[in-house]
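Okay, structure first, notes after.
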Amino acid sequence: MQYRRFGRTGWQVSEIGYGMWGLAGWTGSDRKETDDSLDLAVASGVNFFDTAWGYGEGLG
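Residue numbers (my numbering): 237 to 296.
Right, here's the structure in full:
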């Protein structure tokens, strides 16, 4: 995974992000598939996640 510095913070953020819309309960989304893809992203070094208030429908 390639990383870039995030502004002035010095944080190293992955160049590839993970969009978490699959956790929003969209029609056709599958919980196991979503969990597996999230696990793969983390294992691959992704640390940039696109989230929104509605994602996960309250799941933690």
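A virtual CB, placed ideally from N, CA and C, is assigned to each residue, including glycine.
Bridge-paired residues (DSSP) for Arg244 | Arg244 pairs with nothing; no bridge assigned.
Can you round the beta-carbon distance between Gln248 and Tyr239 to whole angstroms, since I take them to be within the 8 Å contact cut?
-> 4 Å
Status (buried if at least 16 other CB within 10 Å, exposed otherwise) for Gly258 = Classification of Gly258: buried, given that the 10 Å Cβ count is 16 or more.
Hey, Phe284 and Met256: beta-carbon distance below 7 Å or not?
-> no
What three-state label does DSSP hand Gly264 in the structure shown?
-> coil
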